[in-house]
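Peer 1: Have a look at this one.
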Amino acid sequence: MTRLLEGLIEVMFPRACVACDAVLLQGKFFCEDCEPLLLTVGPVHCLRCAEPGRFVNGLCPRCAKKRPAFERAFAPFEHDGAIARAIHRFKYEDRPELAGPLGELLWLQSPDFLEHAPKHVCPIPLHDGRYRARRYDQATLLANELSLRSGRLVLADDLLVRRRATKRQVGLSDAQRIANVRGAFEARGGVTSVLLVDDVLTTGATAAEAARALHAAGVKVVEVLTLCRAKRLFMP
4 MTRLLEGLIE
14 VMFPRACVAC
24 DAVLLQGKFF
34 CEDCEPLLLT
44 VGPVHCLRCA
54 EPGRFVNGLC
64 PRCAKKRPAF
74 ERAFAPFEHD
84 GAIARAIHRF
94 KYEDRPELAG
104 PLGELLWLQS
114 PDFLEHAPKH
124 VCPIPLHDGR
134 YRARRYDQAT
144 LLANELSLRS
154 GRLVLADDLL
164 VRRRATKRQV
174 GLSDAQRIAN
184 VRGAFEARGG
194 VTSVLLVDDV
204 LTTGATAAEA
214 ARALHAAGVK
224 VVEVLTLCRA
234 KRLFMP
């Protein structure tokens, strides 16, 4: 009876491609046109921040110059092609319902990382002003989807608050990004380790600042999981 009901739901409300809304076969996330445009990060990346590429001693120039405040990061996809389009729709085109398939995709693509990751899942939050404008927080929705699909992860969306509004990081150098988010977060303790969740990791400046706030509140270990990793040259 359950399978019959699921089949009827699939017929009446078929899944759609998260990048273009084309009708999908059961169990898919992308249509046959969008799926070939996916780029995975793969095993060759910075050991700390997951920047795609092969680096001396396993560390990208950014992490080699200054160790980030988080222990490690992972993202299954490069921020390009179909997945970048899906995230843009999710964040900027009023499509909060995409949190379901994108959260499921993140969970399915990150089993090895999640097996040893902290169990308390904390989204990197929006400032109240941006939240009111968007009406939802994409990182919180993704973190919630992860916790719902896992028997081990626990949503902890009250650990971190963005106290100061910041400019968008797009187009800023590494130094400007660090300055832009400095002191933006306030955290509370109560747990020993935290898994930060967001949609995209670019230079890691925002995640590192959030990690510093958590460390100041007594959290010992902070790791980062995002859906995508932007491939970005080191820009002092």
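Each number in this note's numbering comes from the position in the sequence shown (counting from 1) with 3 added on. Idealized CB from N, CA, C, for every residue including glycine. Note that the coordinates shown come from a computational prediction; the quantities given were computed from them, not determined experimentally.
Where does ASP202 sit, in a helix, a strand or coil, going by DSSP?
Peer 2: Here ASP202 sits in strand by DSSP.
Peer 1: I believe PHE188 touches VAL225 by the beta-carbon criterion, under 8 Å. Please report the beta-carbon distance rounded to the nearest angstrom.
Peer 2: Not a contact, Cβ separation roughly 12 Å.
Peer 1: Suppose you measure from the CA of ALA22 to the CA of VAL173; what does that come to, to the nearest Å?
Peer 2: Between ALA22 and VAL173, the C-alpha separation is close to 21 Å.
Peer 1: For THR114, which of helix, strand or coil comes out of DSSP?
Peer 2: Looking at the sequence itself, residue 114 is Pro, so the reference to Thr does not match. Three-state result, PRO114: helix.
Peer 1: Start and end of the beta strand (DSSP E) containing VAL188?
Peer 2: Checking the sequence shown, residue 188 turns out to be Phe, not Val. First-last of the beta strand (DSSP E) with PHE188: 188-190.
Peer 1: Skipping 5 residues on each side, what residues in its chain have a beta carbon closer than 7 Å to that of GLN186?
Peer 2: For the sequence presented, residue 186 should be read as Gly rather than Gln. Excluding residues within five positions, the ones whose Cβ falls inside 7 Å are ARG167.
Peer 1: Quick check: what's the CA-CA separation for ALA220 versus LEU145?
Peer 2: When rounded, the distance between both Cα atoms is 24 Å.
Peer 1: Quick check: what's the CA-CA separation for GLU107 versus ASN183?
Peer 2: Spanning the two alpha carbons is a distance of roughly 32 Å.
Peer 1: Three or more C-beta pairs under 8 Å: does that hold for the region 81-99 against the region 192-208?
Peer 2: Contact between the region 81-99 and the region 192-208 is present, because at least three Cβ pairs lie under 8 Å.
Peer 1: Got a sec, what are the start and stop residues for the alpha helix (DSSP H) GLU54 sits in?
Peer 2: Counting along the chain, GLU54 falls outside any alpha helix (DSSP H), and DSSP gives it neither H nor E.
Peer 1: Hey, how far is the Cα of THR5 from the Cα of GLN29?
Peer 2: Low local confidence applies: a pLDDT of 45 at THR5 is under 50, so the model's placement there is unreliable, with the coordinate-based value given in what follows. About 16 Å.
Peer 1: In chain order, which continuous runs of the alpha helix (DSSP H) of length 4 or greater are located wholly inside the region 149-230?
Peer 2: Qualifying alpha helix (DSSP H) stretches, in chain order: 177-184 and 208-219.
Peer 1: By how many angstroms is the C-alpha of THR209 removed from the C-alpha of PRO126?
Peer 2: Distance between the alpha carbons of PRO126 and THR209: 12 Å.
Peer 1: For THR229, tell me which candidate among PHE33, ARG75 and ALA190 has the shortest Cα-Cα distance.
Peer 2: The shortest C-alpha separation from THR229 is found at ARG75.
Peer 1: Grab me the residues of SER113's own chain with a C-beta within less than 7 Å of its C-beta, minus the 5 sequence neighbours each way, in chain order.
Peer 2: For SER113, where only same-chain residues beyond five positions count, the Cβ hits under 7 Å are PHE77, PRO79 and LEU228.
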